[in-house]
Amino acid sequence: MKFRKVMTLAMAAVLGASLLAGCGNSAKDTQDNAPAESTTGAAATSTVPTVTEGKLIMATNAYFPPYEYYEGNEIVGIDVEIAEAIGEKLGLEVEVQDMEFDSIITAVSTGKADIGLAGMTVTPERQKNINFTDTYATGIQSVIVREDSDIQTIDDLQGKKIGVQLSTTGDIKASEQFGEENVEKFNKGNDAVMALSQGKIDAVIIDNQPALSYVASTDGLKILDTQYAEEEYAACIAKGNDALLDAVNGALAELKEDGTIQSILDKYISAE
Ligand code: ARG
Numbered sequence: 143m144k145f146r147k148v149m150t151l152a153m154a155a156v157l158g159a160s161l162l163a164g165c166g167n168s169a170k171d172t173q174d175n176a177p178a179e180s181t182t183g184a185a186a187t188s189t190v191p192t193v194t195e196g197k198l199i200m201a202t203n204a205y206f207p208p209y210e211y212y213e214g215n216e217i218v219g220i221d222v223e224i225a226e227a228i229g230e231k232l233g234l235e236v237e238v239q240d241m242e243f244d245s246i247i248t249a250v251s252t253g254k255a256d257i258g259l260a261g262m263t264v265t266p267e268r269q270k271n272i273n274f275t276d277t278y279a280t281g282i283q284s285v286i287v288r289e290d291s292d293i294q295t296i297d298d299l300q301g302k303k304i305g306v307q308l309s310t311t312g313d314i315k316a317s318e319q320f321g322e323e324n325v326e327k328f329n330k331g332n333d334a335v336m337a338l339s340q341g342k343i344d345a346v347i348i349d350n351q352p353a354l355s356y357v358a359s360t361d362g363l364k365i366l367d368t369q370y371a372e373e374e375y376a377a378c379i380a381k382g383n384d385a386l387l388d389a390v391n392g393a394l395a396e397l398k399e400d401g402t403i404q405s406i407l408d409k410y411i412s413a414e
């Protein structure tokens with residue numbers, strides 16, 4: 143009886159130790175190009191500098207399905223699951239903060255959040271203010287119009303009222319190409335789609351996945367066949383926090399390698 147108890151305790155200790163060792167086997171090892179099975183960098187968890195110790199605060203704008211959106215009171219989606227997978231690797235608990243898309247880079251660069259994950263496109267302009275991790279997905283700018291619209295190509299958008307989400311790449315590109323005066327900027331992508339369906343504007347330029355999701359949930363809308371621009375999504379991290387950048391890149395590399403990223407994408411995006 144007594145013997146069995148001792149055995150159980152000993153086993154628990156061994157299990158605990160191997161779990162701890164497993165935790166340490168994260169970004170740091172990858173960074174040093176150590177084999178994935180290595181259990182050396184046991185201190186990796188505690189060395190990742192974040193705003194609040196033990197936490198990974200993720201800044202996002204939760205109106206961008208299927209990357210981030212509300213399910214009841216909870217924010218879910220591809221980016222949330224990727225953040226959680228990264229957090230697990232780094233021993234950090236993820237806290238999601240919803241804000242305007244326009245505020246994400248500032249929140250991260252001023253130390254209010256650790257990481258921006260928001261289906262955010264890597265652009266040279268943004269890179270002046272923030273660092274991007276390696277990319278984890280691609281996006282395409284799509285044009286949504288009403289089903290009965292006479293707009294068939296990008297050229298047909300000349301002189302039309304185009305809705306976008308403020309400060310997104312859709313906004314930046316549309317404003318450049320069609321003139322600020324023709325671009326109506328909404329805080330949320332769904333407000334732009336609503337305005338389109340109510341006939342207040344003629345088109346919406348937005349990333350393809352939210353476009354598909356909005357068109358599926360709103361009557362009378364369609365997506366033009368012509369694609370507007372192809373882009374790469376990455377997470378953003380404050381300039382100067384290279385330790386976190388390296389750790390997240392290390393975690394991302396492992397999550398790509400073992401198929402986790404792909405299975406998260408597949409869970410939310412059905413193959414066409
Ligand atoms: N990919 C576009 C950009 O970076 C749109 C991202 C919008 N994301 C969001 N969570 N609302 O500008």
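For the sequence shown, the residue numbers in the working numbering are 143 to 414. Ideal Cβ positions, reconstructed from N, Cα and C, are used throughout, including at glycine. Quick caveat, the model's predicted, so the values are computed rather than measured.
Taking all protein chains shown into account, decide if I304 is buried (16 or more other Cβ within 10 angstroms of its Cβ) or exposed. For the purposes of this step, residue 304 is taken as the residue at position 162 of the sequence shown. Answer is buried; the Cβ neighbour count reaches 16.
Rounded to a whole number of angstroms, what is the C-alpha to C-alpha distance between L366 and I406? As a working note, residue 366 is residue 224 in the sequence shown. As a working note, residue 406 is residue 264 in the sequence shown. Going by the C-alpha atoms only, they are around 27 Å apart.
Could you check if G392 is buried or exposed, using at least 16 other CB atoms within 10 Å of its CB as the buried criterion? Position 250 of the sequence shown, counted from the first residue, corresponds to residue 392. Result: buried.
Applying the 10 Å Cβ sphere with the 16-neighbour rule, what's the burial state of T192? The residue labelled residue 192 in the question sits at position 50 within the sequence shown. So T192 counts as buried.
Alpha carbon of T280 to alpha carbon of K409, nearest angstrom: Start at 1 with the first residue of the sequence shown, and residue 280 comes out as number 138. Start at 1 with the first residue of the sequence shown, and residue 409 comes out as number 267. Computed Cα separation, rounded: 16 Å.
Classify G312 as buried or exposed, calling it buried when 16 or more other Cβ atoms lie within 10 Å of its own Cβ. Within the sequence shown, numbered from 1, the residue matching residue 312 stands at position 170. G312 comes out buried.
Could you tell me how far apart the beta carbons of K342 and S251 are, in whole angstroms, since I believe they sit closer than 8 Å? As a first step, residue 342 is located in the sequence shown; it is residue number 200 there, counting from the start. As a first step, residue 251 is located in the sequence shown; it is residue number 109 there, counting from the start. The pair is not a contact, with the Cβ atoms about 34 Å apart (cut-off 8 Å).
Who are the near neighbours of V222 in its chain, counting only those whose CB is closer than 7 Å to its CB and skipping five residues on each side? Position 80 of the sequence shown holds residue 222. So the qualifying residues of the chain are E210, V238.
Pairing CB atoms from the segment 357–365 with CB atoms from the segment 242–260, are three or more of them under 8 Å? no
Can you tell me whether L232 is helix, strand or coil according to DSSP? Translated into positions along the sequence shown, residue 232 becomes position 90. L232 falls in the helix class under three-state DSSP.
Using the three-state DSSP reduction, which class does L394 fall into: helix, strand or coil? The residue given as residue 394 occupies position 252 in the sequence shown. DSSP places L394 in helix when its eight states are reduced to three.
Below 8 Å, how does it come out for the segment 196–212 and the segment 240–250: are there three or more Cβ pairs, yes or no? yes
Quick one: which unbroken alpha helix (DSSP H) runs of 4-plus residues sit fully inside the segment 200–283? Chain order, please. 220–232, 246–251, 266–269
If you follow the beta strand (DSSP E) that Y375 is in, where does it begin and where does it stop? Numbered from 1 along the sequence shown, position 233 holds the residue referred to as residue 375. Where Y375 is concerned, the enclosing beta strand (DSSP E) stretches over 371–379.
With a threshold of 6 Å on Cβ separation, who are the neighbours of Q369 within its own chain once the five nearest residues in sequence on each side are excluded? Within the sequence shown, residue 369 is the residue found at index 227, counting from 1. I282.
Alpha-carbon to alpha-carbon, M336 and A328: As a working mapping, residue 328 is identified with position 186 in the sequence shown. As a working mapping, residue 336 is identified with position 194 in the sequence shown. Note that residue 328 is Phe in the sequence shown here, rather than Ala. Whole-angstrom Cα-Cα distance: 10 Å.
Per-residue DSSP class, three states only, for G305: As a working note, residue 305 is residue 163 in the sequence shown. Three-state DSSP puts G305 in a strand.
Confirm the yes/no value for this check: CB of M262, any heavy atom of the ligand ARG, distance under 7 Å. Here residue 262 corresponds to residue number 120 of the sequence shown, with the count starting at 1. Yes, the ligand ARG has a heavy atom inside 7 Å of this Cβ.
Going by DSSP, what residues sit across from V190 in a beta bridge? The residue you call residue 190 lines up with position 48 of the sequence shown. For V190, which the question treats as bridged, DSSP gives no partner whatsoever.
Nearest-angstrom Cβ-Cβ length linking L394 and T248, presumed shorter than 8 Å: As a first step, residue 394 must be located in the sequence shown, where it is residue number 252. As a first step, residue 248 must be located in the sequence shown, where it is residue number 106. The pair is not a contact, with the Cβ atoms about 23 Å apart (cut-off 8 Å).
Cβ of D349 versus every heavy atom of the ligand ARG: is any distance shorter than 7 Å? Position 207 of the sequence shown, counting from 1, holds the residue named residue 349. Indeed, a heavy atom of the ligand ARG lies less than 7 Å from the Cβ.
Proximity test, Q239 beta-carbon vs the ligand ARG heavy atom, cut-off 7 Å: As a working note, residue 239 is residue 97 in the sequence shown. No; taking the cut-off as 7 Å, the Cβ of Q239 has no heavy atom of the ligand ARG nearer than that.
For T189, is the beta carbon positioned less than 7 Å from some heavy atom of the ligand ARG? Numbered from 1 along the sequence shown, position 47 holds the residue referred to as residue 189. No, the Cβ of T189 stays beyond 7 Å of every heavy atom of the ligand ARG.
Would you call A389 buried or exposed, if buried means 16 or more other Cβ atoms sit within 10 Å of its Cβ? Working through the sequence shown from its first residue, we reach residue 389 at position 247. Per the 10 Å Cβ criterion, buried.
L363 by DSSP, collapsed to three states: which one? Walking along the sequence shown from the start, residue 363 turns up at place 221. In this structure, L363 counts as strand in the three-state DSSP scheme.
Whose C-alpha, out of V285, D400, Q404, is nearest the C-alpha of A334? On the sequence shown, residue 334 is found 192 positions in, with the first residue counted as 1. Considering only alpha carbons, the answer is V285.
Roughly how many angstroms separate the alpha carbons of F230 and Q300, rounded to a whole number? Position 88 of the sequence shown, counted from the first residue, corresponds to residue 230. Position 158 of the sequence shown, counted from the first residue, corresponds to residue 300. The question names Phe, but residue 230 is Glu in the sequence shown. Answer to the nearest angstrom: the Cα atoms are 48 Å apart.
What is the DSSP secondary structure of I296, reduced to helix, strand or coil? Here the question's residue 296 lines up with position 154 in the sequence shown. I296 falls in the coil class under three-state DSSP.
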